[in-house]
Amino acid sequence: MLEVRDLEAGYGPIRALDGVSIEIGEGETVAIIGANGAGKTTLLMAISGVVPTRRGSVTFRGQPLTGLPTHAIAKLGVGHAPEGRRIFPRLSVRENLQLGGFTQTNRAAVARDIDEACAIFPVLGERMSQMGGTLSGGEQQMLALARALVGRPKLLLLDEPSLGLAPLIVQKIFEVIGSLSKRGIAVVLVEQNARAALKLADRGYVLETGRITLSGSGKELSGDRRVREAYLGEG
Amino acid sequence: MTLAVLAVAPLCLPALGGALGGQVTTLFIYCILALGLNVMVGYTGLVHLGIASFFGIGAYLLAILTVPMYPFQIGFLPATAVAVLATAGIGLALGAPTLRLRGDYLAIVTLGFGEVAKVTLRNLEQITGGMKGLNPVPPPGAGVTIGGLDLGKEFAIDPRWFYYLALASLAGVVLLMRRLEGSRLGRALVAVREDELAAQAMGISATKVKLSAFAMSSAVAGLAGCLYAASLSTTADPNAYDFNRSIMVLCAVILGGLGSIPGTLLGVAILVGFDTVLAPWADSWIQQWNINPTGSSLLSFSGWRLAIFGLALVLVMRYRPAGLIPSRRMAAELHDAPEGH
Chain C
0 MLEVRDLEAG YGPIRALDGV SIEIGEGETV AIIGANGAGK TTLLMAISGV
50 VPTRRGSVTF RGQPLTGLPT HAIAKLGVGH APEGRRIFPR LSVRENLQLG
100 GFTQTNRAAV ARDIDEACAI FPVLGERMSQ MGGTLSGGEQ QMLALARALV
150 GRPKLLLLDE PSLGLAPLIV QKIFEVIGSL SKRGIAVVLV EQNARAALKL
200 ADRGYVLETG RITLSGSGKE LSGDRRVREA YLGEG
Chain A
0 MTLAVLAVAP LCLPALGGAL GGQVTTLFIY CILALGLNVM VGYTGLVHLG
50 IASFFGIGAY LLAILTVPMY PFQIGFLPAT AVAVLATAGI GLALGAPTLR
100 LRGDYLAIVT LGFGEVAKVT LRNLEQITGG MKGLNPVPPP GAGVTIGGLD
150 LGKEFAIDPR WFYYLALASL AGVVLLMRRL EGSRLGRALV AVREDELAAQ
200 AMGISATKVK LSAFAMSSAV AGLAGCLYAA SLSTTADPNA YDFNRSIMVL
250 CAVILGGLGS IPGTLLGVAI LVGFDTVLAP WADSWIQQWN INPTGSSLLS
300 FSGWRLAIFG LALVLVMRYR PAGLIPSRRM AAELHDAPEG H
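This is the structure:
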């Protein structure tokens with residue numbers, strides 16, 4: 000459903016992506032792993048139109064995304080949960096979730112989706128009228144994920160959802176991400192926690208200084224000697 | 000609570016008397032102006048230092064559409080509607096090219112626009128009457144008779160008519176603002192203020208949202224301008240719409256509480272009340288007791304007016320940085336969320 004061809008993007012003189020090509024099928028979960036500064040976040044931002052692309056193309060369900068503004072891409076069904084959670088701190092949990100459904104015009108449907116999100120993360124239901132900024136880090140990450148889901152994306156870009164969270168929370172978050180494919184949502188998961196990401200993903204790509212150096216199924220990659228040495232801390 | 004205060008206000012009117020009645024009317028008009036500014040500065044977080052120019056544009060447009068000097072001479076209501084829409088349009092025209100600007104830069108552009116508007120109003124003498132302004136602006140309802148009551152005449156002789164008109168307009172604007180706060184657009188305004196990138200990832204067009212804020216602010220300020228010109232029956236001279244006025248309204252919003260409707264109303268009440276009620280009263284008191292026989296400005300209250308005003312602002316910002324009646328959002332004690340819980 001998403002096809003990225005020969006994508007190049009960067010900041011000023013720095014070329015963060017140097018001809019990246021990846022493909023994501025319907026309902027597929029794909030992990031992107033790589034070291035700090037490899038270009039993982041830039042790849043997601045280039046797909047969702049936050050960072051302009053210099054060369055190459057991004058096509059979503061046959062429609063070119065290159066050059067479209069971020070909000071228009073979001074409207075097409077590409078959800079982006081950016082790095083660092085980025086919830087709205089001075090809006091209540093309910094308002095944060097309502098904003099997730101901003102593109103939907105049917106209010107009843109948004110209310111239903113919010114209820115559903117609260118069923119997945121009961122703690123959010125308990126804190127509906129609390130300001131987003133007063134939540135703990137783990138709760139904020141749950142809110143960020145729930146907010147993205149209320150938008151009913153067909154493809155969800157997740158940037159470091161486990162960053163800085165306690166192991167139990169990480170487990171919960173990964174459980175939810177793993178269940179998304181059953182709901183027909185395709186996921187691009189960018190993670191430092193390569194082991195967990197590859198275990199969860201159907202397929203994976205290894206990104207190194209702006210280029211894809213390896214790709215394969217989650218199992219193949221976790222078994223690969225180079226991946227084990229560089230990203231799984233074995234050797 | 001805001002509405003309760005507003006509803007009780009008419010009951011106090013007979014006790015207020017004619018002169019004070021007129022000042023309270025002006026106070027209501029400034030409240031409307033401040034609520035308009037609050038849309039941009041409070042909800043959307045865009046600094047605007049030229050709101051008085053939109054106040055003035057509203058006043059002049061109403062005047063052009065109603066004074067005998069021009070051929071239009073349409074009624075107050077249609078003239079207000081046209082003036083409000085046109086002011087919103089001018090707001091959009093200022094907003095569109097400046098959307099990429101944030102913070103200090105936008106502040107400078109709006110400041111510049113305010114000065115340009117003032118000087119233009121002064122120098123376009125053939126159209127705006129220069130320093131004389133445009134007058135006489137006929138009272139609302141001129142020529143309209145309902146049940147033997149000549150509305151225009153009533154407005155001209157009895158200040159209470161204007162009091163109620165201003166109060167009703169203010170109540171309407173307050174209701175509108177409350178609806179806005181709970182609406183999809185209202186949430187989008189705050190979302191863009193909080194985190195523009197995240198807002199865009201939700202499918203919100205930051206461009207559209209900011210332009211809406213510009214248009215709404217300008218339209219409400221224009222409405223206040225129409226009421227102002229009609230209540231004075233003149234546009235007054237262009238200096239009535241200068242930088243000082245913009246800053247005073249901005250101070251009122253910040254003093255009362257950014258993004259807070261009751262706070263904004265209280266802020267205006269304190270600042271305008273201080274200027275138009277307390278300062279003259281204190282001056283006459285000083286004169287009465289003959290404390291200042293030489294007439295030295297060091298001993299008159301007006302001489303110290305701005306100093307006291309400034310000190311009060313500093314103290315409020317030191318001890319209540321979110322304003323006197325902070326909005327629910329600003330009141331939330333936000334700390335950097337601890338990691339890993």
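Listed in order, the protein sequences are those of chains C and A.
Just so it is clear: in the first sequence, position 225 is 224 by numbering that gives the first Met the number 0, and no numbers are missing.
Just so it is clear: in the second sequence, position 125 is 124 by numbering that gives the first Met the number 0, and no numbers are missing.
Every residue gets a Cβ at the ideal spot worked out from N, C-alpha and C, and that includes glycine.
Every value quoted in this text rests on a predicted model; they were computed, and no experiment measured them.
Rounded to whole angstroms, what's the CA-CA distance from Y42/A to L249/A? Just pull it up for me. 13 Å
Alpha carbons only, please: which of A143/C, R106/C, M44/C and V187/C is nearest the one belonging to P91/C? The residue you asked about is not Pro; residue 91/C is Ser in the sequence shown. With distances taken between Cα atoms, S91/C lies closest to A143/C.
Spatial distance of I307/A from A165/A (CA atoms): 29 Å
Going by C-alpha to C-alpha distance, which of G21/A, M329/A and L312/A sits closest to P158/A? G21/A
Along the chain, where does the alpha helix (DSSP H) that runs through L76/A open and close? F75 to T97
Please classify F112/A as buried or exposed, where buried requires at least 16 neighbouring CB atoms within 10 angstroms. buried
Within a Cβ cutoff of 6 Å, which residues of the same chain sit near Q139/C, ignoring the five residues on either side of it in sequence? R84 and I86
Let me know the secondary structure DSSP gives A165/C once reduced to three states. coil
Test: L51/A CB closer than 7 Å to a CB of chain C: Strictly speaking, residue 51/A in this sequence is Ala, with Leu absent from that position. No - not a single Cβ of chain C is within 7 Å of the one on A51/A.
Excluding five sequence neighbours on each side, which residues of the same chain lie with their C-beta closer than 8 Å to the C-beta of G339/A? At G339/A, the pLDDT of 40 sits below 50, so the modelled position is not reliable; the number obtained from the coordinates is stated separately. Same-chain partners within the cutoff: there are none.
Rounded to whole angstroms, what is the Cα-Cα separation between I63/A and G90/A? 19 Å
Just grab the DSSP bridge partners of D158/C for me. V189/C
Pull up the distance between the alpha-carbon of R317/A and that of L310/A, whole angstroms please. 11 Å
Could you tell me which of P237/A, A187/A, T144/A and V23/A sits nearest to E94/C, measuring between CA atoms? A187/A
Which parts of the stretch 106-132 of chain A are runs of the alpha helix (DSSP H), unbroken and 4 residues or longer, counting only runs that do not cross its ends? 124-127
What separation, rounded to the nearest whole angstrom, lies between the Cα atoms of P337/A and A165/C? In this prediction, P337/A has a pLDDT of 42, which is less than 50 and means its spatial position is unreliable; nothing more can be read from the coordinates.
Within 7 Å of any Cβ in chain A, is that where the Cβ of A195/C sits? no
Thinking C-beta only, is A200/C closer than 7 Å to G217/C? yes
Test item: CB-CB of A82/A and G57/A under 7 Å: yes
In angstroms with no decimal places, state the Cα-to-Cα distance between L346/A and F75/A. In the structure as shown, chain A starts at 0 and stops at 340, and residue 346/A therefore has no counterpart that could be examined.
Can you name the residues of chain A whose CB is closer than 8 Å to the CB of G232/C? The premise fails here: G232/C is roughly 20 Å from chain A at the closest Cβ pair, so nothing lies under 8 Å.
For the stretch 171-201 of chain A, enumerate the residues whose C-beta is nearer than 9 Å to any C-beta of chain C, in chain order. R183, R186, A187, V189, A190, R192, E193, D194, L196, A197, A198, Q199, A200 and M201
Neighbouring residues, chain C, relative to I203/A (Cβ below 7 Å): H70 and F101
Counting along the chain, where does the beta strand (DSSP E) carrying F59/C start and finish? T52 to F59
Give the straight-line distance between the Cα atoms of Y10/C and L222/A, rounded to the nearest whole angstrom. 45 Å
From T79/A, L196/A, A268/A and G262/A, residue whose alpha carbon lies closest to that of S326/A: G262/A
Against chain A, which members of the stretch 85-116 of chain C pass a CB distance test of less than 8 Å? R85, I86, F87, P88, R89, L90, E94, Q97, L98, G99, F101 and T102
Consult DSSP for R213/C and reduce its assignment to one of helix, strand or coil. According to the sequence shown, residue 213/C is Leu rather than Arg. Strand, per DSSP.
Let me see if you follow: with CB-CB separation under 7 Å, is K39/C close to chain A or not? no
For chain A, find out if any of its Cβ atoms is closer than 7 Å to the Cβ of K74/C; answer yes or no. yes
Going by the DSSP bridge assignment, what does P63/C pair with across the sheet? T58/C
Check the Cβ of V122/C against every Cβ in chain A and list those closer than 8 Å, keeping chain order. Residues of chain A passing the Cβ test: none, with the nearest at roughly 11 Å.
For Y204/C, which of helix, strand or coil comes out of DSSP? strand
Taking only the alpha-carbon atoms, compute the straight-line gap between L220/C and I31/C and give it to the nearest angstrom. 11 Å
By how many angstroms is the C-alpha of E114/A removed from the C-alpha of N122/A? 12 Å
Taking E7/C as the reference, give the member of R210/C, G78/C, V109/C and Y204/C with the closest Cα. R210/C
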